[in-house]
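Sequence lines, in order, name chains A and B. For the record, in the first sequence the residue sitting at position 236 is 235 according to numbering that gives the first Met the number 0, with numbers rising by one throughout. For the record, in the second sequence the residue sitting at position 183 is 182 according to numbering that gives the first Met the number 0, with numbers rising by one throughout. Glycine is no exception: its CB is placed at the ideal position from the N, C-alpha and C atoms. Note that the structure is predicted; figures quoted are calculated from it, not measured. Beneath this line is the structure, given in structure tokens, with notes to follow.
2 protein chains.
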Amino acid sequence: MIDARHRAALLDIVGEKGLVEDRQAMAAYEIGARYDRGRAALVLRPASTAEVSTCVGYCVRERIALVPQSGNTGLVSGSTPDAGGTQVVLSLDRLTAVFDLDVDNRSVHVDAGMKLSDMNARLEHSGLFFPIDLGADPRIGGMLATNTGGSRFLRYGDVRKNTLGLKVVLADENGTVLDLLSGLRKNNTGVDWKQLFVGTCGAFGIITECMLNLEPVPRQVATAYLVPSDGAAITPLLRMMEERLGSYLSAFEGMSGNAMSAALAHVPSLRNPFRNAPIPAYVILAEVSRSWQPRAGEQPLDAVLETVLAEIWDAADVPLANAFVGPSNEMWAMRHALSEGAKHAGRLVAFDLSFRRADVMAFCEWMKSELPSRFPDVAIIDFGHVGDGGVHFNLVVDEARSGLVSDGFETRLRDWVYSVAIDRFGGSFSAEHGIGRKNQTYYDIYTPQKTRNLGAGLKRLISPGRVGAVRFG
Amino acid sequence: MIDARHRAALLDIVGEKGLVEDRQAMAAYEIGARYDRGRAALVLRPASTAEVSTCVGYCVRERIALVPQSGNTGLVSGSTPDAGGTQVVLSLDRLTAVFDLDVDNRSVHVDAGMKLSDMNARLEHSGLFFPIDLGADPRIGGMLATNTGGSRFLRYGDVRKNTLGLKVVLADENGTVLDLLSGLRKNNTGVDWKQLFVGTCGAFGIITECMLNLEPVPRQVATAYLVPSDGAAITPLLRMMEERLGSYLSAFEGMSGNAMSAALAHVPSLRNPFRNAPIPAYVILAEVSRSWQPRAGEQPLDAVLETVLAEIWDAADVPLANAFVGPSNEMWAMRHALSEGAKHAGRLVAFDLSFRRADVMAFCEWMKSELPSRFPDVAIIDFGHVGDGGVHFNLVVDEARSGLVSDGFETRLRDWVYSVAIDRFGGSFSAEHGIGRKNQTYYDIYTPQKTRNLGAGLKRLISPGRVGAVRFG
């Protein structure tokens, strides 16, 4: 519940359409994409940067805590309120008016509340797209705030690399608007301020408008499943593909046998690409693509991929047990079903880790050998972006077997996995999901004290108000 | 001259080899790559991050101003001391020991004093390279500090996009070392601190070690000269090339007739690629490249380029007056000679500007029409990275014609060009050269007050000591 005076003042800013206080209507803003459920004092839905600015200024002056929320598809409780019922959710979902395409510059200026799918639909006729490929359908502001990666990172990079500019409302008493919306690709005139707002989950301000880099839509795509001879073969295989395919290579995704089995068991629409053969222990989904229509005299792209796979097959130390080119839709359907499969396999304890590229499989193999003796009744369902060093490392706990989950079991399991990933393998505890309440503890543990101090100082300098679900201090 | 006590303390840190005080030996560190010449109190040449840290801590405590210097190839007086004789130059030129290649990760960890050419030579056997292509041969630390772009920006991006991590010594009383040397490609665990040190020319700390992204070396290259029918045709031409060549396209560089004529007049080794024909008003050098060796059944790359040019030629609204594929070495020789040609054409007033892509030529055309009436006896010699919106806009002043240069003429000329570029065309006053004493005035003029305040606050927070040639306040 919010004080009547504050309610009246905020209603005055955003109007009837911009204020949600009905408990049932608020639920959609209180429930996250995975498990978490908080309680909001109120939901604000401002419809312009100016309204966001006035809301933020008011809340900072009145010491009201704000949690900015974009598409609310995040997985780390970064966009939902805590259970206290005192935080106000500031949703971007009415911030969708601006769409300004500059084909010559290959850039688009959009309001932060626009959905990724809506934006790409509006871009379609231009032959350009925003090259961040995700399973979810977030709003653009949240993509910047979490710096999402996705399945084509290897070719196009993350959101940071594709952000030319942004407009942000700082959490100070004036709701200061910083206009960093330059569409310039080269601009070295001091601090590149936009970088502070990308990936920091709203703690340094609320992104309200975005200027994005666009890329030509792929017009030819070919995919293959590669079965490596063992885990150690995967990085050499990646390097061979990169050498022979260069910028054609647009995805190099890993799928463990466990992950594929769970998807086949729990996603009814999914076809088994291996038919009656046993499911391999690990499969790489490799994609090559190019942006032009097929041309006379040019080798078709699937033939190029076949040729390269044959070359690799013929190489002296062949790291391949099997490889075949196949229909892209079917091959990607499996990849996209893995997350859904894992969710239904049992109680999920999910990790979004990254490593230097050669260490992804080293970590997974180490875990396969060490986990069973330390945590019996926990199964590994791993898959991910092997070409970028990322892995969605999911553990499935068999709850039926014991009362394990009740007595701090999950915390012990998390602590142990993170310590192995970070202390032993030099990895990251958040590859592409950002920071929220869910992984705040690990930020506090694994960020050196002096870096945390700088974070706290930066917060005081730029956005001293209570905004965002995380503490960077 | 430096106080004897300070000299002794600094000598104690860096040893005999690390201290230069002889006036003649210091000259190399006092003279910039273009025009500027300052006077140093002393030159320090620490040989490790630890030595840099001790030097910086001492100088901050004793309030001695430090100017970090890397390869000293910059063009904005960002790496040389001012004329006062009280600043100490801290050179990175002995910081060259670390070279640690991770082929699987496509990354290399190097000391910041390593030269670009040395690093790429050591990388050669690996088939990988650091994809920043420059006329100069800087040291790596300075490339990060200025965020250089270069001729293959269109394909690979700038230094920022290719920096995976760095180690930096902050200008505080402890000479705090921040180790951000992660080789991770995905890591969203808070503020991406390295971004603050890329492009800020040492003001926020001295970069001592770098972790860089590497790319496969191109194994096939083809180039063409395209003569657009007029300035307005260039952006449509670029878009047609991008659609038809996608990630093959690795350069799209513009060369004005004036720039080519100056190069042919002043660079004796240069051949005239147009033979006896008149030099066109504007030429685009387009390059396509791919990273693998030619394969059987594959169309050679120059044939691909020919095909695409024929397609464009056949298009209804053909923006091309002429186009021909030719030998890469020869075609690039012209591009690389333009800077040298401009330098010899007269007294140079040089600008490193950028715009939204369609505005590069609009700006140049506007200038061609307006400059003569306002500044007679000034000729335009422009060329640059049209595909990224960048232009090296050089003005050559005919000094013989009048005493123009003496009475603040150059300042008036600079002020006017910047105001047109920024106020009228929304451009940047420093596309890829960074900030130094030379363009400090324009930082002060064109950076909004609240951004300047944030810059000053950030400086106090992170590196309060007197380091760098620029003020971000």
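For residue j and residue i, believed in contact at Cβ under 8 Å, the rounded distance
i: Asn-161 (chain B); j: Asn-212 (chain B); result: 4 Å
i: Arg-376 (chain A); j: Asp-397 (chain A); result: Reading the sequence as shown, one finds Asp at residue 376 (chain A) and not Arg. Correct: roughly 4 Å between the Cβ atoms.
i: Gly-56 (chain A); j: Gly-174 (chain A); result: 3 Å
i: Phe-374 (chain B); j: Phe-362 (chain B); result: Not a contact, Cβ separation roughly 16 Å.
i: Leu-177 (chain A); j: Val-167 (chain A); result: 5 Å
i: Val-287 (chain A); j: Ala-221 (chain A); result: 5 Å
i: Arg-436 (chain A); j: Ala-468 (chain A); result: 5 Å
i: Val-483 (chain A); j: Val-359 (chain A); result: Residue 483 (chain A) lies beyond the stretch modelled for chain A, which goes from 0 to 472, so this question has no answer here.
i: Val-51 (chain B); j: Thr-234 (chain B); result: With 8 Å as the limit, Val-51 (chain B) and Thr-234 (chain B) do not qualify as a contact, their Cβ atoms being about 45 Å apart.
i: Leu-180 (chain B); j: Leu-195 (chain B); result: Not a contact, Cβ separation roughly 15 Å.
Status (buried if at least 16 other CB within 10 Å, exposed otherwise) for residue i
i: Asn-71 (chain B); result: buried
i: Pro-491 (chain A); result: Only positions 0 to 472 of chain A appear in this structure, which leaves residue 491 (chain A) out of reach.
i: Gln-448 (chain A); result: exposed
i: Gly-134 (chain B); result: exposed
i: Asp-313 (chain B); result: exposed
i: Met-259 (chain B); result: buried
i: His-124 (chain B); result: exposed
i: Ile-63 (chain B); result: buried
i: His-343 (chain B); result: exposed
i: Met-330 (chain B); result: buried
Proximity test, Cβ basis, 7 Å: residue i and chain A
i: Lys-458 (chain B); result: no
i: Ser-78 (chain B); result: no
i: Asp-387 (chain B); result: yes
i: Ser-353 (chain B); result: yes
i: Asp-103 (chain B); result: yes
i: Lys-484 (chain B); result: The question about residue 484 (chain B) has no answer here: the residues shown for chain B are numbered 0 through 472.
i: Asp-301 (chain B); result: no
i: Ala-420 (chain B); result: no
i: Ala-430 (chain B); result: yes
i: Ala-357 (chain B); result: yes
i: Glu-242 (chain B); result: yes
i: Thr-53 (chain B); result: no
i: Ser-246 (chain B); result: yes
i: Gly-464 (chain B); result: no
i: Arg-138 (chain B); result: no
i: Thr-234 (chain B); result: yes
Nearest to residue i (by Cα), restricted to the options the options
i: Gly-149 (chain B); options: B:His-432, B:Ile-233 and B:Pro-447; result: B:His-432
i: Lys-193 (chain B); options: A:Thr-79, A:Gly-454 and A:Ala-468; result: A:Gly-454
i: Leu-237 (chain A); options: B:Val-226, B:Phe-408, B:Val-102 and B:Gly-464; result: B:Val-102
i: Gly-17 (chain B); options: B:Arg-4, B:Ser-338, B:Arg-93 and B:Ser-78; result: B:Arg-93
i: Ala-250 (chain A); options: A:Asp-21, A:Gly-388 and A:Glu-61; result: A:Gly-388
i: Arg-289 (chain B); options: A:Glu-242, A:Leu-163 and A:Thr-147; result: A:Glu-242
i: Ile-434 (chain A); options: A:Glu-172, A:Thr-199 and A:Gly-253; result: A:Thr-199
i: Thr-410 (chain B); options: B:Ser-368, B:Met-210, B:Leu-347 and B:Val-390; result: B:Leu-347
i: Asp-301 (chain A); options: A:Met-333, A:Leu-89, A:Ala-223 and A:Ser-255; result: A:Ala-223
i: Ser-292 (chain B); options: B:Pro-215, B:Asp-381 and B:Tyr-281; result: Per the sequence presented here, residue 292 (chain B) reads as Gln, with Ser not at that position. Among B:Pro-215, B:Asp-381 and B:Tyr-281, the Cα nearest to that of Gln-292 (chain B) is on B:Pro-215.
Opening and closing residue of the alpha helix (DSSP H) in which residue i lies
i: Met-113 (chain B); result: Note, Met-113 (chain B): premise wrong, no alpha helix (DSSP H); not H, not E.
i: Tyr-281 (chain B); result: Tyr-281 (chain B) -> not in any alpha helix (DSSP H); beta strand (DSSP E) instead, spanning 281 to 289.
i: Met-360 (chain A); result: 356 to 373
i: Cys-58 (chain A); result: 48 to 60
i: Met-240 (chain A); result: 233 to 244
i: Phe-424 (chain B); result: Phe-424 (chain B) -> no alpha helix (DSSP H), and no H or E assigned at all.
i: Met-142 (chain A); result: 139 to 145
i: Tyr-474 (chain A); result: Outside the displayed range of chain A (0 to 472) lies residue 474 (chain A), so it cannot be described from this structure.
Segment limits, beta strand (DSSP E) that includes residue i
i: Glu-381 (chain A); result: What sits at residue 381 (chain A) in the sequence shown is Asp, not Glu. Per DSSP, Asp-381 (chain A) belongs to the beta strand (DSSP E) from 377 to 383.
i: Ile-206 (chain B); result: 205 to 212
Short CB-CB distance (under 7 Å) between residue i and chain B
i: Gln-194 (chain A); result: yes
i: Thr-199 (chain A); result: yes
i: Arg-289 (chain A); result: yes
i: Ser-427 (chain A); result: yes
i: Asp-21 (chain A); result: no
i: Ser-228 (chain A); result: no
i: Val-190 (chain A); result: yes
i: Pro-293 (chain A); result: no
Neighbour flag for residue i against chain E, beta carbons, 7 Å
i: Leu-169 (chain B); result: Considering every chain present, this structure includes no chain E. Its protein chains are A and B.
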